[in-house]
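J.: Residue numbers (this note's numbering), protein chains in the order written: chain P, 34 to 421; chain C, 34 to 421; chain Z, 34 to 421; chain S, 34 to 421.
Number of protein chains: 4
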Amino acid sequence: MSKLRWAMVGGGPNSIGRTHRLAANLDGHYELVAGVFSRDSGKNATMGKELGITEDRLYPNFEAMAAAESKRPDGIECVSVITPNNTHVPACLAFLGHAIPVICDKPIGVSSIEAIRLMREVDRRGIPFALTHNYSAYTMVREAQHLVGSGRLGKIRVVQVEYALGSRSSLVEAQGDTRFAWRADPAIAGPSTVLGDIGTHAHHLMRTVTGLELEAVSADLGSLVAGRKADDNANVNLRFVGGARGQLWASMVACGIGQGLRIRVFGEQASLEWHQEHPNELNLRFENQPNQVLRRGDPWLCERAKRGVRTNRGQPEGYLSAFANVYRDFAEVLAARKAGRAPDPLADSFASARDGVLGMIFIEAAVESSRRNGAWVEAGDQRLGATA
Amino acid sequence: MSKLRWAMVGGGPNSIGRTHRLAANLDGHYELVAGVFSRDSGKNATMGKELGITEDRLYPNFEAMAAAESKRPDGIECVSVITPNNTHVPACLAFLGHAIPVICDKPIGVSSIEAIRLMREVDRRGIPFALTHNYSAYTMVREAQHLVGSGRLGKIRVVQVEYALGSRSSLVEAQGDTRFAWRADPAIAGPSTVLGDIGTHAHHLMRTVTGLELEAVSADLGSLVAGRKADDNANVNLRFVGGARGQLWASMVACGIGQGLRIRVFGEQASLEWHQEHPNELNLRFENQPNQVLRRGDPWLCERAKRGVRTNRGQPEGYLSAFANVYRDFAEVLAARKAGRAPDPLADSFASARDGVLGMIFIEAAVESSRRNGAWVEAGDQRLGATA
Amino acid sequence: MSKLRWAMVGGGPNSIGRTHRLAANLDGHYELVAGVFSRDSGKNATMGKELGITEDRLYPNFEAMAAAESKRPDGIECVSVITPNNTHVPACLAFLGHAIPVICDKPIGVSSIEAIRLMREVDRRGIPFALTHNYSAYTMVREAQHLVGSGRLGKIRVVQVEYALGSRSSLVEAQGDTRFAWRADPAIAGPSTVLGDIGTHAHHLMRTVTGLELEAVSADLGSLVAGRKADDNANVNLRFVGGARGQLWASMVACGIGQGLRIRVFGEQASLEWHQEHPNELNLRFENQPNQVLRRGDPWLCERAKRGVRTNRGQPEGYLSAFANVYRDFAEVLAARKAGRAPDPLADSFASARDGVLGMIFIEAAVESSRRNGAWVEAGDQRLGATA
Amino acid sequence: MSKLRWAMVGGGPNSIGRTHRLAANLDGHYELVAGVFSRDSGKNATMGKELGITEDRLYPNFEAMAAAESKRPDGIECVSVITPNNTHVPACLAFLGHAIPVICDKPIGVSSIEAIRLMREVDRRGIPFALTHNYSAYTMVREAQHLVGSGRLGKIRVVQVEYALGSRSSLVEAQGDTRFAWRADPAIAGPSTVLGDIGTHAHHLMRTVTGLELEAVSADLGSLVAGRKADDNANVNLRFVGGARGQLWASMVACGIGQGLRIRVFGEQASLEWHQEHPNELNLRFENQPNQVLRRGDPWLCERAKRGVRTNRGQPEGYLSAFANVYRDFAEVLAARKAGRAPDPLADSFASARDGVLGMIFIEAAVESSRRNGAWVEAGDQRLGATA
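1) Name, please, each residue of chain C whose Cβ falls closer than 7 Å to the Cβ of Leu238(P).
2) Could you tell me the alpha carbon to alpha carbon distance between Arg416(C) and Gln208(C), rounded to whole angstroms?
3) So, at 7 Å on beta carbons, what are the nonlocal neighbours of Phe95(P) in its own chain, with the 5 sequence-adjacent residues on each side left out?
4) If the criterion is Cβ atoms closer than 8 Å, does the pair Ala252(P) and Ser145(P) meet it?
5) Is the Cβ of Ala421(S) closer than 8 Å to any Cβ of chain P?
6) Would you say Val227(S) and Asp264(S) are within 8 Å of each other, going by their C-beta atoms?
7) At the level of alpha carbons, what is the spacing between Asn268(S) and Glu195(Z)?
8) So is Glu350(C) in contact with chain Z if we call contact Cβ pairs under 8 Å?
9) From which residue to which residue does the alpha helix (DSSP H) around Ala127(Z) run?
10) Looking only at its own chain, which residues have a Cβ that is under 8 Å from the Cβ of Gly347(C), when we skip the five neighbours before and after it?
11) Grab the span of the beta strand (DSSP E) containing Glu458(C) for me, first residue to last.
12) Residues in the region 353-364 of chain P with C-beta within 7 Å of chain S's C-beta atoms, listed in sequence order?
13) I want to know whether the region 133-150 of chain Z touches the region 386-398 of chain Z - three or more CB-CB distances under 8 Å.
14) Checking contacts by CB at 8 Å: is Gly413(S) closer than that to chain Z?
15) Alpha carbon to alpha carbon, what distance is there between Leu353(S) and Ala56(S)?
16) Can you name the residues of chain Z whose CB is closer than 7 Å to the CB of Gly289(S)?
17) Name the chain C residues whose beta carbon is nearer than 8 Å to that of Leu198(Z)?
18) For Gly44(C), does the count of other Cβ atoms within 10 angstroms reach 16, so buried, or fall short, so exposed?
19) Smallest Cα separation from Gly293(C): which of Val135(C), Leu238(C), Gly50(C) and Ser74(C)?
20) Can you list the residues of chain P that Asn58(S) reaches, using a CB-CB cut of under 9 Å?
21) With distances taken from CA atoms, which of Lys36(Z), Ala399(Z) and Leu186(Z) is nearest Gly223(Z)?
22) Establish whether the CB of Gly255(Z) and some CB of chain S are separated by less than 8 Å.
23) Of the residues Asn270(P), Val286(P) and Val258(P), which one's Cα is nearest the Cα of Leu198(P)?
24) With the cut-off set at 8 Å, would you say Trp307(S) and Val174(S) are in Cβ contact?
25) Could you check how far apart the C-beta atoms of Pro376(P) and Ala369(P) are, in whole angstroms? I think they sit under 8 Å.
26) Taking Cβ-Cβ distances shorter than 9 Å, what residues in chain S pair up with Leu327(C)?
27) Between which two residues does the beta strand (DSSP E) containing Gly300(P) stretch?
28) CB-CB under 6 Å to Ala421(S), same chain, minus the five flanking residues each way: which ones, in chain order?
29) Would you call Val274(S) buried or exposed, if buried means 16 or more other Cβ atoms sit within 10 Å of its Cβ?
30) Are the Cβ atoms of Gly413(S) and Glu248(S) separated by less than 8 Å?
31) Taking the beta strand (DSSP E) that Arg190(P) falls in, what are its first and last residues?
32) Nearest-angstrom Cα distance between Asn58(S) and Lys36(S)?
33) Based on Cα-Cα distance, which residue from Arg185(S), Ser202(S) and Asn118(S) lies nearest to Thr165(S)?
34) According to DSSP, what are the bridge partners of Gln325(C)?
35) Could one say the Cβ of Trp307(P) lies closer than 8 Å to chain Z's Cβ atoms, at least one of them?
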C-alpha cells in the first residue's frame, strides 16, 4: 500500500510524539507531511525542520492545519493529536469537521460531557477514529482477550489490574519535568491526574481482556507527595456487570517500578496473568492441570495474537511493536475505506471513542466515590445513558 | 537445651497438625508427650498411637488435659491449640488457667470481644503465648521489617498486600474437603471465612513489615462460588495511621494460584517486594540507583534475618523452616523463663495475643464496611481502646 | 515407628553435620545417641555435650565406636559418616564390618579403587548403605526423573547440567575458611576438588533425571584463583551411552551465585529444566504445545514426587526437606529390614555405593582427559568393568 | 538527515529480509529503492512490486544491480546482502568494487579464506561495512560490555555462552521449511550449520561483552536428528587469551526453547548475566554486596546503552529495536562520511569484517577439534595471522 499522508498536532521535543513517529515508521505505512508541533513558533519551526516538514505545511495551530490541508489535493489523510488532555476534544473535532481521520492520544479528554460530544460526532460522520490505548495492542493481550472470550477461563470472578510507576515519586513537576508539569495541573489534565495518565490504560486493558463492563467503583484517591496539587495514587474496588469483583491500583509513587502495568483475571476454570514488563509471555493457570506459559509467536495462538507478530518465533518484541500495531491497524482501516472494502476484522487493536468515553466515566465515578467516603458509584455505560 | 514436654489440642489426621509437628521437630526442642487430637475417641486413639503418646496422656478433651497435666510432676511445659477457630479462646484460657504456655493457631478466635478477654488473661498472668502467623517468620520477611524499620525505604506511602489461593475455586466444602467444611461455616470460622483463614495472615504480614497500624478500611467482601455460604473474596482499601494508603486482597477463588501471599511496600526512597512462593528473595527497588535482590543467607542481612538461617548461603529454605522459627523462638522464651534470664531479643518471630486481637478487629471492621456500602470503618487500636 | 538409634562420625561445629541433624530431625525417625565429632578431644567433648550425648557413648575415633556400639544391646542402628573425603571409605568399612548400616556423605571417597572395594563390601554383606546426594531427593527432581523415564520427553538428545557457586571466588582457604581448607588439599579431597565437592552432585543429578550412563568425557579443569592448589572450575563435554551429548560445568568461582545447581534435558518431544534455587518448579517445554510449569504438590505429579511433600499444595519447601527425604527413606529401608518386609519401593531417594563408584570414575576420567589435551576418556560403567 | 537510498540483495518472501526492512524503517533513515529479491524472476517481480520498487531498479542479479546503480546519479547509497551464506562474499565484493557500502547478514561467508579476502578489500578501499550481529546491539549488551570494560567485574575468569533453539528439533528441512533447507546443506551454509547459523551470534556476543579473544577451542559437534546431513548441536570448551575459560553451547534441537541466547561472565569481583528472552534486564551479581538488576532506560547506564533507548524509562523494547540499532548506526556512519566529519563514536553497534573473519576461524577450529577427538585447536587471531 502507498504511504498515508499524515500530520501531527503536538508531539514536540520531549513528548510522546517521538513514540508515535517510531510506531508509525515501523511498518512503513505513514509519511509525515504536515504538523503543528508547538504553540511556540520557534520550537515549532525547529521541530518541523528536523522532521523534514516543508514550511508551507508547518502550521501555527490545528485549526489552520485542518482548514488548509482539507483544501489541498495532496492534503493529509489522517492526523495524530498528541496535545495535553484539555485540547484533545477541540482538536479532534476540528479535523473530524473536515472529514480527516484522527488518532488521538489518551485520555480522550477532560470530561465525559465533551467526550460524549466527540463520540457522537465520530458516529454521526462515520470518520475513522482511534484512541491510542497502545498497551491493549500487545499480541499477548490480544491472546488473553481471546482466551477469556472463548470461554477458556470459564465465567470471570475476579479481576486485579494495576499500573504502577515510580517516576513521580518526588515532586518532579517542580524540578523541571515539563512532561509531568501539565499532567499535575487539573485544569489541563482533568479531574484525576493518576487515573487520566495511567489509570485509563489499566481500565481499557481490563475491559479489553475481560470483555466485561464496570458496574460501580468504590475508590480512594490520594496525593502522597508533599506539595503536589494532583492526585498520584488511586485504590479502587471494582464491581462488574454480571457479578465479578476486582481491584484497580494506579500509582505514580511506586518507587523503583518502571512501567508496571499488570492484569490478572480469575475465572471458574482458569486464570491468566500478563505483565507488560515481560510482555511476550502470558501465564495461564489451572486448578486441575499444569500451568502454562504462552509465548508471543507460538503457532497455537489466536489469529489476533498472530497478526501482531513481525519476527521469528521466540524473538521478544516490546512497547514499540505494540504501539505500532495501533498505527498499522488504523492504516488498514483507512486503506479499506479508500478501496471501498471492509477492513480486515482483525485490524481492531485500537480503542474507539466509546472506549474513551467509558474511560472518562470511570475517572469521574472514582473521583466522586473518593469524595463520598468510598460509596459505590456507577461507573459503566448505565451512566453513559444517564449523561446522554 | 533439653526437650520441652509438649502437647497438642486438635491436629488430627488431615489437618495443619502435621505441619506443627514437623516445625517442632526441626530444631529438636520439643517432645510430644500428650494430646487430644480429635473429639472422636476412635480417631483420637489411632492418632495418639501413631504419634507414640502413652494411653494415660491421651485425653478426651482439653479441659481434662489441662487439669491432669498441671498436676503431674512431668506435666507438659507447653501446648499447641490447633482446633477450629471457635474453640481457640476457650482452649487457650483453659491452659493459661493452669499456667501452661500456649501456641495458638490463627486466627486467635471468632470475635474481638473474646480475643480481648484472652489477651487480658495473657497479660495479667504473664504466661508466654504465641500465635502462629508463620509467614511473618520467614527470614526475608524479617529483613523486610528491618529495612523499613531502619528507614531504608523512607516514609511509607503505599502498601499492597495479598493472599490468593485457588484451592477453593469450586464448592469443595460440599465435595468432601473436611478441612474447608468447618472454615466455610460462619458459626465455627467467625464473621469472615476468607479474612479469618488467609486475610489475617496478610494483615499480620503487613503490620510486621511496615510497623504501621491501620486507621480504617473500606471493604467489599464477596462469595463468588455458587452455593457457598461463606465469603471467599475480599477487596479492601486501606488507610494507615500516618497517611499511608494501600490495598489488601484475599481470595480463595484465585484459580491456579498456590499460596500467593505477597507484599509490596513503597516508601519515599525505595520499595520492597516479597512473595512467599519464592521466599528466599527480597526485591529492593530504587528510583536513583539499581534495583537489588537480597537473598536469604547473605552476610549483610540483619541479625533477625540471619537468626532464621539453618543452612549454607544460597540454599533455599521454605515454609517449614519459617514455621519452625516460631517453635524455635517460643522454645527460647520458655528456656529463658525457666533459667530466669531474659530471652534472646531476636527470638520474637511469633505473633502476640495483641496481634491476634488486632486481626479480629480488622476482620470485624471489613465486614462492617462491606455491609455499609464501602464506608470507611476504623480498624486499628483506636477500636481496641473503644472496645476495652 | 520408634526412633532409630543413630550415631555420627564427624559433623562437628561449622560442618555439614548440622544439616544432617536437621534433616534427620524433621520426620522424627532418628535419635542421636553416640558419636565422634572431632579428632580434637576437647572439641569432641564440647560437641557431644551440646548434642546431649552421654559420655560413655562419645568416642575418640570411629573404630572404637564401631567396636563398642556393636556390642551394646542398645547399640546404634545406623551411623552417618561426615568426615573429610579420604576417611569416608575406611570409616564406612569399619561400620559395615560390624553390620551397621551407613549413611555416607559424598563423594564416596578419593579413588575409584577404594570406592569399588566399599561397593563390593556393601553388596557382599547386604547392609543398607546410602550416599547423600541430597539434591537428587528434591521432589521435583523425582518428577523430572519420572517424566524422562515414562517417555514424556522422547529419546534424550542433549543434557546440560551445572553446579556453580561463588563462595570460593577468593583464596578463602588461606583466609580462615576451614570448611574449604581441607577440600582445597588434594591429599584429603581427592583428585579434583571442584568435581569432588560439587561436580559429583551434578553428575548424580544428571544420571538420576535422565537414567542415562556416561560413555566418555572431554574435560578442561582449571584453577582460576591465584595461589590455589586445587582446581576450582571444570568444563566437561559429555557423551552418553545411546548417543546423547551434553555439557557439565562445575565452578567454585562463579562470583555472586549461591548454589546454582541446574539441569536441562532435551528430548525429541520435549525438554525440562530444574534449578535448585527455585526447587519447587519444574519447567516442561514443547515445540508443539504450550510450555508447562509443574509445581511441587500438584496432584498430577508421580508418586515418587508426591512422597516428598509434607505440606499443603503451593507451600514452598527447600533444601532441608530434600535432605530429609534421604534420611526418611533410609529409615524406611531399615524399618522394613527389621520387620522382614520389602521397603516401600518409592523410598529410594538416596544414592547407592555403585552411584558413588560411578561418581569417582567420572572424576578420574575428567582429570585424565584434561591432562590429555581434551581427549575423550571413557567415564561410565565400561570402566567399572575394566577396573574390577 | 535525508533518507539513504537503499537496496537489498535477497530478502524475499519468508526470509530474514522482512526483519531488515522493519529495522531499517524504525528510525526513518532508509528508503528502499532497488533490489534483487530472488533468483526466480517471478518471485523477484512480485516482491519488487509489493515493496514499491520501480521496474527499472528491480534487477535479475547483484552484479547487474551493482553495475547499474553505481552509474545512476540517484544510485543506491548502500545495500543489504541477505542471501544464503555462500554468496555473501561474492555479493559484498561486487558492491564494494563499486564503492557501495554494504550491510551483510551473518555469517560473513563459508570459509575464513574468502572472509579474509573480503576483510582486506573493505580495509583497502575504506568502504563502510557492517555485519548484522544484531544481538550484540541490544542496549543491555552494550551496558554489559561497558561494565566489563570499565573493570566492574574485575579480571574475567569464566564465560558461559549459549544459543539454544528448538525449532529444528525434527527434520524440518524435509518438511517444507525452506528457510532451513539451505542452512542444512553444507555446500551452501558452510562447514558447520549450527555454528554458522547461531553459534557465530554467541561467539560475537561473547567477544563483544568480554573484550576477550579466543585462544583455542575443544569441540564436539553432532547431528542429533535422524536423517539430517548437517550438524545441529555444538558443545565447545573455550580458552581465552589471558587465561579465562568457558563453554559455548549452540543447539537447534533444544526442544521448546524459543531464541535462547544467553551469556554469563564471571570476574574476580562480580558476574553478569544477560538473556535475550528478557533483554531489558541485566543481572549483576557480587559476593560482597547485594545483587543488582539493571534495566534498559535506567539513567545510570553508560552512554552506549542509553543511545539505543527510544522510549520512556521502563518500557520494554525487543529484537527489532536491537536490530534497528545496527541500521541506525550504519546510517550515522554514512551520514558522517558524506559530511566529512567523524561519526558519533557511540555509533558502533555493528560488527566489522574482522569480526566476521574471527567468526569463521572459530567455526573452522571447532570443526577441526571435533574431528580430532576434542584436541585443542587455535581459534583466535593468532590463526588470522597464520592464514594471512
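Heads up, the beta-carbon is just placed ideally off N, CA and C, and yes, glycines get one too.
T.: Taking the definition as stated:
1) Counting from one through the first sequence, the residue named residue 238(P) turns up at place 205. By Cβ distance, chain C contributes nothing, its closest Cβ being about 18 Å from Leu238(P), past 7 Å.
2) As a position in the second sequence, residue 416(C) is number 383, starting the count at 1. As a position in the second sequence, residue 208(C) is number 175, starting the count at 1. Near 39 Å, if we compare the C-alpha coordinates of Gln208(C) and Arg416(C).
3) Locating residue 95(P) in the first sequence gives position 62, counting from the first residue. Cβ neighbours of Phe95(P) beyond the five flanking positions: Val42, Val69, Ala124 and Ala127.
4) On the first sequence, position 219 is the one that residue 252(P) refers to. On the first sequence, position 112 is the one that residue 145(P) refers to. Against a cut-off of 8 Å, the Cβ pair of Ser145(P) and Ala252(P) comes out as no contact.
5) Within the fourth sequence, numbered from 1, the residue matching residue 421(S) stands at position 388. Reliability of the predicted coordinates at Ala421(S) is poor, the pLDDT of 48 falling under 50, and the value obtained from them is presented with this limitation in mind. Cβ-Cβ to chain P under 8 Å: no for Ala421(S).
6) Locating residue 227(S) in the fourth sequence gives position 194, counting from the first residue. Locating residue 264(S) in the fourth sequence gives position 231, counting from the first residue. Yes, the Cβ-Cβ distance between Val227(S) and Asp264(S) is below 8 Å.
7) Reading the fourth sequence from its first residue, position 235 is the one you call residue 268(S). Reading the third sequence from its first residue, position 162 is the one you call residue 195(Z). If you take the alpha carbons of Asn268(S) and Glu195(Z), they lie about 14 Å apart.
8) Counting from one through the second sequence, the residue named residue 350(C) turns up at place 317. Yes, Glu350(C) counts as interfacial toward chain Z.
9) Taking the first residue of the third sequence as 1, we reach residue 127(Z) at position 94. Segment His121 to Gly130, the alpha helix (DSSP H) holding Ala127(Z).
10) Working through the second sequence from its first residue, we reach residue 347(C) at position 314. Here the set comprises Arg328 and Gly330.
11) In the structure as shown, chain C begins at 34 and stops at 421. Residue 458(C) is therefore absent and cannot be evaluated.
12) Leu353 and Ser354
13) yes
14) In the fourth sequence, residue 413(S) corresponds to position 380, counting from 1. Not one chain Z Cβ lies under 8 Å of Gly413(S).
15) As a working note, residue 56(S) is residue 23 in the fourth sequence. As a working note, residue 353(S) is residue 320 in the fourth sequence. Their Cα atoms are separated by approximately 6 Å.
16) Taking the fourth sequence and counting its residues from 1, one reaches residue 289(S) at position 256. Near Gly289(S) (Cβ distances below 7 Å), the residues of chain Z are Ala303, Ser304, Arg318, Phe319, Glu320 and Asn324.
17) The residue given as residue 198(Z) occupies position 165 in the third sequence. Near Leu198(Z) (Cβ distances below 8 Å), the residues of chain C are Gly347.
18) The sequence position of residue 44(C) within the second sequence is 11, counting from 1. Buried is the call here.
19) Here the question's residue 293(C) lines up with position 260 in the second sequence. The residue with the shortest Cα to Cα distance from Gly293(C) is Leu238(C).
20) Residue 58(S) sits at position 25 when you count from the first residue of the fourth sequence. Ordered by position in chain P, the residues that pass the 9 Å Cβ test against Asn58(S) are Asn58, Leu59, Asp60 and Gly61.
21) As a position in the third sequence, residue 223(Z) is number 190, starting the count at 1. Ranking the options by Cα distance to Gly223(Z), first place goes to Ala399(Z).
22) Along the third sequence, one-based indexing puts residue 255(Z) at 222. Closer than 8 Å: yes.
23) As a working mapping, residue 198(P) is identified with position 165 in the first sequence. Residue Val286(P) is the option with its Cα nearest to Leu198(P).
24) Looking up residue 307(S) in the fourth sequence gives position 274. Looking up residue 174(S) in the fourth sequence gives position 141. In this structure, Val174(S) lies closer than 8 Å to Trp307(S) by Cβ.
25) Residue 376(P) sits at position 343 when you count from the first residue of the first sequence. Residue 369(P) sits at position 336 when you count from the first residue of the first sequence. Ala369(P) and Pro376(P) do touch by the CB rule: their CB atoms are close to 4 Å apart, below 8 Å.
26) Taking the first residue of the second sequence as position 1, residue 327(C) is located at position 294. Ordered by position in chain S, the residues that pass the 9 Å Cβ test against Leu327(C) are Pro323 and Asn324.
27) To locate residue 300(P), count along the first sequence from 1; it is residue 267. Counting along the chain, the beta strand (DSSP E) containing Gly300(P) begins and ends at Gly293 to Gly300.
28) On the fourth sequence, residue 421(S) is found 388 positions in, with the first residue counted as 1. Annotation note: pLDDT 48 at Ala421(S) (below 50); position unreliable, coordinate value reported separately. Same-chain partners within the cutoff: there are none.
29) Along the fourth sequence, one-based indexing puts residue 274(S) at 241. By the neighbour-count rule (16 or more Cβ atoms within 10 Å), Val274(S) is not buried but exposed.
30) If you number the fourth sequence from 1, residue 413(S) lands on position 380. If you number the fourth sequence from 1, residue 248(S) lands on position 215. The answer is yes: Cβ separation under 8 Å.
31) Taking the first residue of the first sequence as position 1, residue 190(P) is located at position 157. Element bounds for Arg190(P): Ile189 to Ala197.
32) Taking the first residue of the fourth sequence as position 1, residue 58(S) is located at position 25. Taking the first residue of the fourth sequence as position 1, residue 36(S) is located at position 3. Taking the straight line from one Cα to the other gives about 10 Å.
33) The residue given as residue 165(S) occupies position 132 in the fourth sequence. Checking every option, the nearest Cα to that of Thr165(S) belongs to Asn118(S).
34) Sequence index remark: in the second sequence, residue 325(C) carries index 292 (1-based). Paired residues: Leu317(C) and Gln325(S).
35) For the purposes of this step, residue 307(P) is taken as residue 274 along the first sequence, with counting starting at 1. Judged by the 8 Å Cβ criterion, Trp307(P) is not in contact with chain Z.
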